[in-house]
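Just so you know, the sequences run in chain order A and B. For my numbering, add 307 to where a residue sits in the first sequence, where the first one is 1. For my numbering, add 25 to where a residue sits in the second sequence, where the first one is 1.
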Amino acid sequence: MSFLSNIWRNEKSREIILQIFVLFCIGWFLSWLIANVDANFKALGKDISFEFLFIPAGYDINQYLIDYNNRDSHLRAGIVGLLNTGLVAFFGIILATFLGVFLGIVRLSKNWLASKLAYWYIEFSRNVPILLHILLWHGIIINTLPHPRQALNLGDLTFLSNRGFYIPKPLTENGIELVYLFFVIAIIFSVLFFKYARKKQDLTGVQYPVFWINLSVIFLLPTIAFLISGMPITLEIPALKGFNFRGGMHMSPELAALTFALGIYTAAFIAEIVRAGIMAVDKGQREAAESIGLKPSKVMNLVILPQARRVIIPPLTSQYLNLTKNSSLAIAIGYMDLVATLGGISLNQTGREMETMIIVMLIYLSVSLSISAFMNWYNNKAKLVGR
Amino acid sequence: MKIKMLLAAATAGVMFAGSTFAGTLDDVRARGKLNCIINTGLAGFAAPDDKGNWTGFDVDFCRAVAAAVLGDADKVNYTTATGKTRFTKLAAGEGEILSRNTTWTFSRDVDLSQTFVGVSYYDGQGFMVPKSLGVKSAKELDGASVCIQTGTTTELNLAEFFAGNNMKYNPVPIETNAEAQELYKAGRCDIYTTDASGLYATISSFDNPGDHMVLPEIVSKEPLGPVVRHGDDQWADIVAWTLRAMMAGEELGITSANVKSLAGKDNKNKEINRLLGKDPLQGISKLGLSADWAVNIISQVGNYEEVFERNLGMSTPLKIARGMNQLYQDGGLFYIPPIK
């Protein structure tokens, strides 16, 4: 007895005992949950099985980045949905980042009107629920744009209608390899030139207009290749045929609405994060940079933003994660993402609620963790190196 | 010691959670109300009237079961479900009956562990288009944008129909009938497809019903009917025979107007006597129902014909003809087992 009470009086062993106890409680709770599900499934005469993933899905999906038809399996339908989720998250993150950084900087501008406009934009966007943003944009697109037969025609190449946006699609022919080759050469040249220019500047202080030179090389070299190899690219121009446009590249109203809504909503949060990051940089840094005669744009790009970046990245990561997870609201307007395919129609056609939900949750979890891991890696690279 | 007790309690909890689905009738009687799962809104089948009460063909069936079991057709709690959530809600015990124009298919009956007790409405999938489109047949729909309700048999029929006719289409999946109507009206889709009954219901709710039409092709078989959970045969029988009693009512000429007088006298047709409890009906006590169960159903809700005409028939905005949904004597598909 005295041995036991000694263990209890010892702070270290007491902590361990408590932790084991808590761990035990959690484990017990989890096993109870699993046993409960199991028992209820047995009572309903259902089993847990993932075989349904390999039977034909039977339904069609309106947007697929990999080949898909209704004879493919539920698994493939799920992958198509996952890629659609990835696509909208990708576009959304790009839009949100550019718009957010721009707004964050404008918000701090000395120009009263610009600053106030950014302020109102941010306050409006982030205080309206994301679902309303999505429905609003979808409503605007399908109700204000005309029917395909009266589509807005931009130079007979691009068409806007309430069925989406149609742009010409480049089709490659023989001889395109030369264009690719020249493009790769241009990229390699640009990287080398960038390094050379930086070295030169470090040594002599001479600056080259690196950005403009690289841009023209990347643009001109493939163009030359394109001309000498006999213009091996033709444009497939969308044309009205029957009910809708055929050919060309198509962006559905759902994808457009979702991208705008996610981008514009998240941009408001990113703007505030950027503003906070910039304000966290010591005032003396800006004053010092200005005192040596740097232009305002250089002060921002060379001195303020690189330091602000350290403060910005961690909260920015969580905004990216939010955007990706918010994309699951796509189901409200019929965009066929992961939740709509595997977690929606497949769930329904097969009746495997538990299995599909487990898979969908695990996929979102791993996508989020991957984005998180990437941003942590980037954060480690960007953060102040302790000396 | 304490942990042992906890474990014992947990095991008991698991066992309890696992065994709640038998004795549905007792649950309903103890509660005094029937929980019924219906559509979120489909004119003629389940839609709130101007006073906020649910009305419709599917709703009346819930009322008929409540009348049989509880003696009062008004003792029903309604829970709405989308095409997607309905089976989960039924399986989770949120209702004793799923009465939501649900198609009877093999996998739903067998794989999802549900019991379809019968067919209350023979339907088939159709297409609805604006007349201005100038389309006369579903075979002319190549390349069209099609609004569909997700979580239904519709998606699979649609895929098979278009593939079978070598046509392409652009599916726009929508969660509820109301949202699909909005997209159709805004011109996001050229056509809307669901069961023909749903199309008539949708057109009837438009401002200009004359501008839209249902194409002649019916591309699938959709036998719709009430569904109960698997494993309680007594309850499944009660629901099945409620439906049959309504149809038998039509067959025997029993209506809500004359049921009381027919029940009070000795009829020449002994089947009427047995149905209305005048003569003993062997086994009715095994169902746990009182002898006047069918009287309650027909007097409070009506026979099948009355329910059909009140909600869907020619005098309603839906104007659906009886078609297949008649007794076999009249050229329909309903052949009622004898009430013996």
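Think of the CB as a built atom: it goes at the ideal place given N, C-alpha and C, for glycine as much as any other residue. It should be emphasised that the depicted structure is a prediction, and the values quoted were computed from it without experimental measurement.
* Asked: Is it the case that the Cβ atoms of L289/A and H237/B are separated by a distance below 9 Å?
  -> There is simply no residue 289/A to check, as chain A begins at 308 and stops at 694 in what is shown.
* To do: Can you tell me the Cβ-Cβ gap for A205/B and Y194/B, rounded? I've got them flagged as a contact below 8 Å.
  => Translated into the one-based positions of the second sequence, residue 205/B becomes position 180. Translated into the one-based positions of the second sequence, residue 194/B becomes position 169. Actually they are not in contact, since the Cβ atoms of A205/B and Y194/B sit about 15 Å apart, beyond 8 Å.
* Per DSSP, what kind of secondary structure is P251/B in: helix, strand or coil? -> By 1-based counting over the second sequence, the position of residue 251/B is 226. Here P251/B sits in strand by DSSP.
* Closer than 9 Å, Cβ to Cβ, to anything on chain B: give me those residues from the region 389-402 of chain A, in chain order. => Hits within the stretch: zero.
* Within-9 Å CB hit, P198/B to chain A -> The residue labelled residue 198/B in the question sits at position 173 within the second sequence. At a cut-off of 9 Å between C-beta atoms, P198/B counts as an interface residue with respect to chain A.
* Between I309/B and R269/B, what straight-line distance do the alpha-carbon atoms span, to the nearest angstrom? -> The count along the second sequence starts at 1 and reaches residue 309/B at position 284. The count along the second sequence starts at 1 and reaches residue 269/B at position 244. Taking the Cα positions, I309/B is about 14 Å away from R269/B.
* Which residues bound the alpha helix (DSSP H) around F409/A? -> Within the first sequence, residue 409/A is the residue found at index 102, counting from 1. Counting along the chain, the alpha helix (DSSP H) containing F409/A begins and ends at 381-414.
* Is the region 241-261 of chain B close to the region 289-303 of chain B, with three or more CB pairs under 8 Å? -> No, because fewer than three Cβ pairs between the region 241-261 of chain B and the region 289-303 of chain B fall closer than 8 Å, the two stretches do not touch.
* To do: Please list the partners that D367/A has in chain B, where partner means a Cβ-to-Cβ separation under 7 Å.
  => Numbered from its first residue, the first sequence carries residue 367/A at position 60. Among the residues of chain B, those whose CB is under 7 Å from the CB of D367/A are A184, P196, following chain order.
* Asked: Leaving out five residues before and five after Y103/B in sequence, what residues of the same chain have Cβ atoms less than 6 Å from its Cβ?
  -> Against the second sequence, residue 103/B aligns to sequence position 78. The residues are C61, I63, W79.
* **L249/B versus K295/B - alpha carbon distance** => Indexing the second sequence from 1 puts residue 249/B at position 224. Indexing the second sequence from 1 puts residue 295/B at position 270. Computed Cα separation, rounded: 31 Å.
* Asked: Along chain B, in chain order, which residues have C-beta atoms closer than 9 Å to that of N551/A?
  -> Along the first sequence, one-based indexing puts residue 551/A at 244. By Cβ distance, chain B contributes G168, A169, S170, N195, D215.
* Sub-9 Å separation of G348/B and Y147/B beta-carbons -> Taking the first residue of the second sequence as position 1, residue 348/B is located at position 323. Taking the first residue of the second sequence as position 1, residue 147/B is located at position 122. Taking a C-beta distance under 9 Å as the contact criterion, G348/B and Y147/B qualify as a contact pair.
* Asked: Closest Cβ-Cβ distance between R125/B and chain A: below 9 Å?
  -> Taking the first residue of the second sequence as position 1, residue 125/B is located at position 100. At a cut-off of 9 Å between C-beta atoms, R125/B does not count as an interface residue with respect to chain A.
* To do: Tell me whether Y371/A is buried or exposed, calling it buried when 16 or more other Cβ atoms sit within 10 Å of its Cβ.
  => Here residue 371/A corresponds to residue number 64 of the first sequence, with the count starting at 1. Buried, because 16 or more other Cβ atoms sit within 10 Å of the Cβ of Y371/A.
* To do: Could you tell me whether any Cβ in chain B is nearer than 9 Å to the Cβ of I571/A?
  => Your numbering for residue 571/A matches position 264 in the first sequence. So no, I571/A is outside the interface.
* Just how far apart, CA to CA, sit N460/A and S468/A? -> Locating residue 460/A in the first sequence gives position 153, counting from the first residue. Locating residue 468/A in the first sequence gives position 161, counting from the first residue. Answer to the nearest angstrom: the Cα atoms are 9 Å apart.
* So what's P155/B in DSSP terms, helix, strand or just coil? -> Taking the first residue of the second sequence as 1, we reach residue 155/B at position 130. Note: P155/B maps to strand in three-state DSSP.
* Which partner residues does S170/B have in the DSSP bridge list? -> Stepping through the second sequence from its first residue, residue 170/B is reached at position 145. Looking at the DSSP output, S170/B sits in a beta bridge with N195/B.
* Listing by chain order, which chain A residues have their CB less than 8 Å from the CB of D421/B? -> In the structure as shown, chain B starts at 26 and stops at 365, and residue 421/B therefore has no counterpart that could be examined.
* Out of curiosity, what's the CA-to-CA distance linking E276/B and L352/B? -> The residue you call residue 276/B lines up with position 251 of the second sequence. The residue you call residue 352/B lines up with position 327 of the second sequence. Spanning the alpha carbons of E276/B and L352/B requires a straight line of approximately 7 Å.
* Asked: Which residue or residues does DSSP assign as beta-bridge partners of D220/B?
  -> If you number the second sequence from 1, residue 220/B lands on position 195. Under DSSP, D220/B shares a beta bridge with Q150/B.
* Amino acids of chain B, ordered along the chain, whose beta-carbon sits closer than 9 Å to that of A647/A -> The count along the first sequence starts at 1 and reaches residue 647/A at position 340. Against chain B, the beta carbon of A647/A has neighbours under 9 Å at T175, P198, listed in chain order.
* **Test item: CB-CB of V197/B and L208/B under 9 Å** => Here residue 197/B refers to the residue found at position 172 of the second sequence. Here residue 208/B refers to the residue found at position 183 of the second sequence. At a Cβ-Cβ threshold of 9 Å, V197/B and L208/B count as neighbours.
* Asked: What are the boundary residues of the alpha helix (DSSP H) that includes K476/A?
  -> Along the first sequence, read from residue 1 onward, the residue named residue 476/A stands at position 169. Under the DSSP assignment, K476/A falls outside any alpha helix (DSSP H), being part of the beta strand (DSSP E) whose first and last residues are 476-479.
* To do: Check the Cβ-Cβ distances between E561/A and every residue of chain B, and say whether any is below 9 Å.
  => The residue given as residue 561/A occupies position 254 in the first sequence. So, interface residue.
* Which same chain residues, not among the five before or five after C332/A, have their C-beta less than 8 Å away from its C-beta? -> For this step, residue 332/A is matched to residue 25 along the first sequence. Shown here for C332/A: not one same chain residue has a beta carbon closer than 8 Å to its own, the five before and five after excluded.
* Asked: At what residues does the alpha helix (DSSP H) containing T113/B begin and finish?
  -> Position 88 of the second sequence holds residue 113/B. Unbroken alpha helix (DSSP H) run through T113/B: 111-116.
* Asked: If we cut at 9 Å on Cβ distances, does K476/A have a partner in chain B?
  -> One-based indexing of the first sequence puts residue 476/A at position 169. For K476/A, not one C-beta of chain B is nearer than 9 Å to its own C-beta.
* In chain order, what residues of the region 228-252 of chain B put their CB closer than 9 Å to some CB of chain A? -> Per Cβ criterion, the list is empty.
* **Proximity below 9 Å, CB of A203/B to CB of I449/A** => Residue 203/B sits at position 178 when you count from the first residue of the second sequence. Residue 449/A sits at position 142 when you count from the first residue of the first sequence. When the beta-carbon positions are compared, A203/B and I449/A stay at least 9 Å from each other.
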